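Student:
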Amino acid sequence: MTDHSYTLEEQIALVQRGTQEILSEEDLVAKLKLGRPLRIKAGFDPTAPDLHLGHTVLINKLKHFQDLGHEIYFLIGDYTAKIGDPSGKNSTRPPLTDEQIKANAQTYAEQVFKILDKEKTKIVFNSEWFNDMSAGDMIQLSSQLTVSRMLERDDFSKRYAAQTPIAIHEFLYPLVQGYDSIALKADVELGGTDQTFNILMGRTLQGRYGQEPQVCITVPILEGLDGVNKMSKSLNNYVGIYDAPGTMYQKLLSMPDTLIRRYFEFLSFKPMEEVETLMTEMENGRNPQEIKRVLAEELIERFHDADAAANAHKSAGNVLADGELPVDLPEIMLDLEGQDALFITQILNQAALAKNNSAAKDMVKRGAVKVDGEVVDASFSLTSSQTAVIQAGKKGYAKVTVG
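Position 334, counted from 1, in the sequence shown is what the numbering used here calls 559; the numbers after and before it change by one each time, with no gaps.
This is how it looks when you write it as structure tokens:
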């Protein structure tokens, strides 16, 4: 049964949170009014077994539907992984082996249950219906779409224009993903914005196979810790859900302030009223680092436990190895104050790496101050536009730039 403690308006608000597009919202409202549990589908090709917070944006949306009492179908595309999803790619992707698929699928299942309720989640594999599909059935499915329609997809059209090869089997991917919705009789399908074409394909095929077309809901691609590119392991701007508590804490505190609202909206389960209160407090002068800590502790508790969350700030101080810089390295602009250069004691004071001038002189004298990894003496200085990483003592770090 659906959770009748939520009004229709509250259900819509929860579904809308953190979504990019709902096609169509009118259809979604009509389905919610039916008062029965909807069949919610999201497909995952087991190509990247270790999840990061960017992957969880979609899983969090499944959790929202689960909390509303709907049926969650976590579809692992073991069959489609043998094709390789061409979405957003400018070349043909190599398929996975059966062994890779099996191992990755197991890892997926272990991780998603840190968010979803295991007892209320149905994990299905699309090989369950495709392994029994005949060649005639596949040809019949292929007849539902034209090549010209496939070339409407941005990645295919660009590759075609550039005369980059497109294998015939790649055209099958959207059709196969669309057929998954028929097999599951999906009411709603969720996916990233890069999956819009494929999800709409499911809606189209359902209509042609005599089913009520699904609602398509897309979620944004989450920016990584650099605040520019999408979260990605290859760009080293990610927070892994298996990261140690101290590492997770430190990484989240390093995010640009401009990402705080988006991370709360997409990653936190706090009601938006609480999120808005936190944002207002920040606008009124509350330290952004304090707001980041609230999110960091919530996520650490979710992926580890309450004790880990409570002690994360302590373990974060032990994350650094010799010569390794902290993830949350502060960046500070220094003022020349009418001088030609700033000496190291002035730099320490402006960067708040020393309590006072005497403490700064003492650290320099003891050899406790490094610039770009090298110990410096009192004669060291920086001039206009120069940048350096300063280490004062064991835990004082800053990246400084002279204005």
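Beta carbons are placed, not taken as given, at the ideal position from N, Cα and C, and that holds for glycine. None of the values given here were measured: they were computed from a predicted structure.
#1: Let's see if you can read the secondary structure: which residues bound the alpha helix (DSSP H) around Val589?
#2: Go through its chain and collect everything with a Cβ distance to Lys619's Cβ below 7 Å, but skip five positions before and after it.
#3: Assuming contact is defined by CB atoms lying nearer than 8 Å, are Lys458 and His277 in contact in what I supplied?
#4: With distances taken between CB atoms, is the gap from Ile265 to Leu415 smaller than 8 Å?
#5: In this structure, does DSSP put His289 in helix, strand or coil?
#6: Exposed or buried, which one is Asn582 when buried takes at least 16 other CB atoms within 10 Å?
#7: Provide the residue(s) that pair with Leu559 in DSSP beta bridges, ordered along the chain.
#8: Within this structure, are the beta carbons of Gly621 and Leu559 separated by less than 8 Å?
#9: Can you tell which of Gln331, Ala408 and Val372 has its C-alpha closest to the C-alpha of Ala392?
#10: Which residues in the same chain as Ile407 place their Cβ atom closer than 7 Å to its Cβ, once the five residues preceding and following it in sequence are excluded?
#11: Looking at the strands, I want to know which residues DSSP matches up with Gln616.
#12: Locate the beta strand (DSSP E) running through Val349, then write down its first and last residues.
#13: Taking all protein chains shown into account, decide if Gly449 is buried (16 or more other Cβ within 10 angstroms of its Cβ) or exposed.
#14: DSSP three-state label for Ser606, please.
#15: Residues in the same chain with beta-carbon distance under 6 Å from Val282, minus the five sequence neighbours each way, listed in chain order, please.
#16: For the alpha helix (DSSP H) containing Ile485, name the first residue and the last one.
#17: Spell out a yes or no on whether the region 229-246 and the region 377-394 are touching, meaning 3 or more CB-CB pairs, one atom from each, closer than 8 Å.
#18: Kindly list the residues whose CB is nearer than 7 Å to the CB of Lys590, restricted to its own chain and excluding five residues on each side of it in sequence; keep chain order.
#19: Hey, could you find the ends of the beta strand (DSSP E) Phe568 is sitting in?
#20: Per DSSP, Leu477 is paired with what?
#21: Report the rounded CA-to-CA distance for Tyr474 versus Thr570, giving the unit in angstroms.
#22: Given this structure, state the Cα-to-Cα distance separating Val544 from Pro470, to the nearest angstrom.
#23: Roughly how many whole angstroms lie between the Cα atoms of Arg378 and Gly260?
#24: Which word fits Phe489, buried or exposed, when buried means at least 16 other C-beta atoms lie within 10 angstroms of its C-beta?
#25: How about Ala613 and Val625: do their beta carbons lie closer than 8 Å?
#26: Taking 8 Å as the limit between beta carbons, can you name the residues of its chain near Lys410, skipping five residues before and five after?
#27: Buried or exposed for Asp468, please, with buried defined as at least 16 other CB atoms from any protein chain shown within 10 angstroms of its CB.
#28: According to DSSP, is Ile340 part of a helix, a strand, or is it coil?
#29: Specify the secondary structure class of Thr443 as computed by DSSP and reduced to three states.
#30: Once you ignore the five residues that flank Gln514 on each side, which residues in its own chain have a CB closer than 7 Å to its CB?
#31: With a cut-off of 8 Å on the beta carbons, I'd call Tyr298 and Val349 a contact; round off their distance for me.
#32: In this structure, does DSSP put His295 in helix, strand or coil?
#33: Using the rule of at least 16 other Cβ atoms within 10 Å of the residue's Cβ for burial, across every protein chain shown, is Gln439 buried or exposed?
#34: What do you get for Ala603, buried or exposed, if any count of 16 or more other CB atoms within 10 angstroms of its CB means buried?
#35: For Leu460, count neighbouring Cβ atoms within 10 angstroms of its own Cβ and tell me buried if that reaches 16, exposed if not.
#36: For Glu437, name the three-state secondary structure that DSSP assigns.
Tutor: With the structure as the only source:
#1: Start at 1 with the first residue of the sequence shown, and residue 589 comes out as number 364. Taken as a continuous stretch (DSSP letters only), the alpha helix (DSSP H) holding Val589 covers Asn582 to Lys590.
#2: By 1-based counting over the sequence shown, the position of residue 619 is 394. Once the five neighbours on either side are set aside, Lys619 has no close Cβ partner at all.
#3: By 1-based counting over the sequence shown, the position of residue 458 is 233. By 1-based counting over the sequence shown, the position of residue 277 is 52. Yes; because the gap between Cβ atoms is below 8 Å, this pair is in contact.
#4: Counting from one through the sequence shown, the residue named residue 265 turns up at place 40. Counting from one through the sequence shown, the residue named residue 415 turns up at place 190. Yes, these two residues count as a Cβ contact at 8 Å.
#5: Residue 289 sits at position 64 when you count from the first residue of the sequence shown. Of the three classes helix, strand and coil, the one that applies to His289 here is helix, per DSSP.
#6: The residue given as residue 582 occupies position 357 in the sequence shown. The residue is exposed, with fewer than 16 neighbouring Cβ atoms inside 10 Å.
#7: Translated into positions along the sequence shown, residue 559 becomes position 334. DSSP lists Val627 as partners of Leu559.
#8: Numbered from its first residue, the sequence shown carries residue 621 at position 396. Numbered from its first residue, the sequence shown carries residue 559 at position 334. Against a cut-off of 8 Å, the Cβ pair of Leu559 and Gly621 comes out as no contact.
#9: The sequence position of residue 392 within the sequence shown is 167, counting from 1. Comparing Cα positions, the closest option is Val372.
#10: In the sequence shown, the residue the question calls residue 407 occupies position 182. Once the five neighbours on either side are set aside, the close Cβ partners of Ile407 are Leu430, Gln431, Tyr434 and Gln436.
#11: Position 391 of the sequence shown, counted from the start, is the residue given in the question as residue 616. Answer by DSSP bridge pairing, in chain order: Lys595 and Tyr622.
#12: Looking up residue 349 in the sequence shown gives position 124. Element bounds for Val349: Thr346 to Phe350.
#13: In the sequence shown, residue 449 corresponds to position 224, counting from 1. Looking at its Cβ environment, which holds 16 or more other Cβ atoms inside 10 Å, Gly449 is buried.
#14: What you label residue 606 is simply residue 381 of the sequence shown in a count that begins at 1. Correct three-state label for Ser606: strand.
#15: As a position in the sequence shown, residue 282 is number 57, starting the count at 1. The answer, listed in chain order, is Val444, Leu447 and Phe491.
#16: As a first step, residue 485 must be located in the sequence shown, where it is residue number 260. Here the alpha helix (DSSP H) through Ile485 covers Ile485 to Leu492.
#17: no
#18: Position 365 of the sequence shown, counting from 1, holds the residue named residue 590. None.
#19: Start at 1 with the first residue of the sequence shown, and residue 568 comes out as number 343. Per DSSP, Phe568 belongs to the beta strand (DSSP E) from Ala566 to Phe568.
#20: Taking the sequence shown and counting its residues from 1, the one referred to as residue 477 is at position 252. DSSP, once it has assigned bridges, lists no residue as partnering Leu477.
#21: Counting from one through the sequence shown, the residue named residue 474 turns up at place 249. Counting from one through the sequence shown, the residue named residue 570 turns up at place 345. Whole-angstrom Cα-Cα distance: 31 Å.
#22: Stepping through the sequence shown from its first residue, residue 544 is reached at position 319. Stepping through the sequence shown from its first residue, residue 470 is reached at position 245. Its pLDDT being 48, under 50, Val544 is placed unreliably by the model, and the measurement read from it follows with that caveat. For Val544 and Pro470, the distance between alpha carbons rounds to 10 Å.
#23: Locating residue 378 in the sequence shown gives position 153, counting from the first residue. Locating residue 260 in the sequence shown gives position 35, counting from the first residue. Going from the Cα of Arg378 to the Cα of Gly260 covers about 36 Å.
#24: Position 264 of the sequence shown, counted from the start, is the residue given in the question as residue 489. Label assigned to Phe489: buried.
#25: On the sequence shown, position 388 is the one that residue 613 refers to. On the sequence shown, position 400 is the one that residue 625 refers to. Cβ distance < 8 Å, so Ala613 and Val625 count as in contact.
#26: Start at 1 with the first residue of the sequence shown, and residue 410 comes out as number 185. Here the set comprises Arg264 and Gln436.
#27: Numbered from 1 along the sequence shown, position 243 holds the residue referred to as residue 468. Counting Cβ neighbours within 10 Å, Asp468 comes out buried, since at least 16 surround it.
#28: Within the sequence shown, numbered from 1, the residue matching residue 340 stands at position 115. Looking at Ile340 - three-state DSSP - the assignment turns out to be coil, as it is neither helix nor strand.
#29: In the sequence shown, residue 443 corresponds to position 218, counting from 1. Here Thr443 sits in strand by DSSP.
#30: Residue 514 sits at position 289 when you count from the first residue of the sequence shown. The answer, listed in chain order, is Leu478.
#31: Here residue 298 refers to the residue found at position 73 of the sequence shown. Here residue 349 refers to the residue found at position 124 of the sequence shown. Between Val349 and Tyr298 the Cβ distance is about 6 Å, and since that is below 8 Å, they are a contact.
#32: For this step, residue 295 is matched to residue 70 along the sequence shown. It is coil, neither helix nor strand.
#33: In the sequence shown, the residue the question calls residue 439 occupies position 214. Buried, by the Cβ-count rule.
#34: As a position in the sequence shown, residue 603 is number 378, starting the count at 1. By the 10 Å Cβ count, Ala603 comes out exposed.
#35: Residue 460 sits at position 235 when you count from the first residue of the sequence shown. Exposed.
#36: Residue mapping note: residue 437 aligns to position 212 of the sequence shown, counting from 1. In the structure shown, Glu437 sits in coil (DSSP, three-state: anything other than H, G, I, E or B).
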